[in-house]
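First residue of the sequence shown? That's 282 in my numbering, and the numbers climb one at a time after it.
Here is the structure we will look at, set down as structure tokens.
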Amino acid sequence: MNNTLKICVFCGSHEGTDSFFREQTQALGVLLAKQNYELVYGGANVGLMKVLAENFMQNGGNATGIIPDFLAEKHLVQPGLNNTIVVESMHERKFKMAALADAFIALPGGYGTLEELFEVITASQLSLHKKPIVLGNFHGFYDQLLAHRENMIQNGFVDSSHRNTFVDAANAREIILALQQYIAPETPKYVDEVRKKYNDKA
Numbered sequence: 282m283n284n285t286l287k288i289c290v291f292c293g294s295h296e297g298t299d300s301f302f303r304e305q306t307q308a309l310g311v312l313l314a315k316q317n318y319e320l321v322y323g324g325a326n327v328g329l330m331k332v333l334a335e336n337f338m339q340n341g342g343n344a345t346g347i348i349p350d351f352l353a354e355k356h357l358v359q360p361g362l363n364n365t366i367v368v369e370s371m372h373e374r375k376f377k378m379a380a381l382a383d384a385f386i387a388l389p390g391g392y393g394t395l396e397e398l399f400e401v402i403t404a405s406q407l408s409l410h411k412k413p414i415v416l417g418n419f420h421g422f423y424d425q426l427l428a429h430r431e432n433m434i435q436n437g438f439v440d441s442s443h444r445n446t447f448v449d450a451a452n453a454r455e456i457i458l459a460l461q462q463y464i465a466p467e468t469p470k471y472v473d474e475v476r477k478k479y480n481d482k483a
């Protein structure tokens, strides 16, 4: 990866109960800016989204926020963004973020963060992209998700070749390294793979 890429970060509209989440989100904002990456994120001025954007921009980073109109109308847009894109729906927000991004990071968050994360994981599984996907697994926040990935593999719902579609990192510095070292797994075309399995059973 070169240092001019757009990094899409999914993260919570709350800061969470562990101060480490905030500390590492601050650190990530600084590191992304110092690496000359551009930031693409959900555009809001609350929670970890605000922490990330402010620390990124304070260090000279170029940030694009993408936010649906109903949130913009509630004055939830982060001030000072280099580019603010107001869209009509949550679906359009996800589509736009994914289209602009060269890589994805998911920090701790709630339902919305998981929705965004799983959509880009699924797109990778379907061979629609080979972009890096890194979880910010701060203080083991995503340990249960990683365990469930193994559960899905063991029960035959995810092929083991898709295990490394996403990787995890324990802190901000490790996230940057994971982005730079990411190698997309060589996987069979998912649709062809499923079709073959069903044809073999016919």
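Virtual Cβ for every residue (Gly too), placed ideally from N, Cα, C.
Note that the structure is predicted; figures quoted are calculated from it, not measured.
| task | In the DSSP assignment, find the alpha helix (DSSP H) that holds V311 and state where it starts and stops. | result | That run of the alpha helix (DSSP H) goes 300-315.
| task | Grab the span of the beta strand (DSSP E) containing E319 for me, first residue to last. | result | Unbroken beta strand (DSSP E) run through E319: 319-322.
| query | What first and last residue would you give for the beta strand (DSSP E) that runs through L346? | reply | Here residue 346 turns out to be Gly, not Leu, going by the sequence shown. Run containing G346: 344-349, per the beta strand (DSSP E) assignment.
| message | Starting from V327, trace the alpha helix (DSSP H) in both directions and tell me its first and last residue. | response | Segment: none, V327 is in no alpha helix (DSSP H) and carries neither H nor E.
| request: Check K287 in the structure and name its three-state DSSP category. | output: DSSP places K287 in strand when its eight states are reduced to three.
| field | Alpha carbon of R303 to alpha carbon of I434, nearest angstrom | value | Distance between R303 and I434, taken at the CA atoms: about 32 angstroms.
| query | Between the beta-carbon of G324 and the beta-carbon of V358, is there less than 8 angstroms? | reply | Taking the C-beta atoms as reference points, V358 is found nearer than 8 angstroms to G324.
| query | Among G437, N452, A459, which one has its Cα closest to the Cα of N445? | reply | Of G437, N452, A459, the residue nearest in Cα terms is A459.
| Are I288 and I386 close, meaning C-beta to C-beta below 8 angstroms? | Yes; because the gap between Cβ atoms is below 8 angstroms, this pair is in contact.
| Do Q307 and V332 have their C-beta atoms closer together than 8 angstroms? | Their beta carbons are under 8 angstroms apart, which means Q307 touches V332 by this criterion.
| Taking DSSP as the reference, what is the three-state secondary structure of M464? | Checking the sequence shown, residue 464 turns out to be Ile, not Met. I464 falls in the coil class under three-state DSSP.
| query | Excluding five sequence neighbours on each side, which residues of the same chain lie with their C-beta closer than 7 angstroms to the C-beta of F422? | reply | Sequence-distant partners of F422 (beyond 5 residues in either direction) whose C-beta falls short of 7 angstroms from its own C-beta, in its chain, are P389.
| request: Starting from L416, follow the beta strand (DSSP E) in both directions and report where the run begins and ends. | output: Where L416 is concerned, the enclosing beta strand (DSSP E) stretches over 414-417.
| query | Rounded to whole angstroms, how far is the Cβ of V321 from the Cβ of M371, which I believe are closer than 8 angstroms? | reply | That pair is no contact at about 16 angstroms.
| task | Check the DSSP bridge columns for V448 and list the partner residues they point to. | result | The partner list for V448 (beta bridge, DSSP) reads V415.
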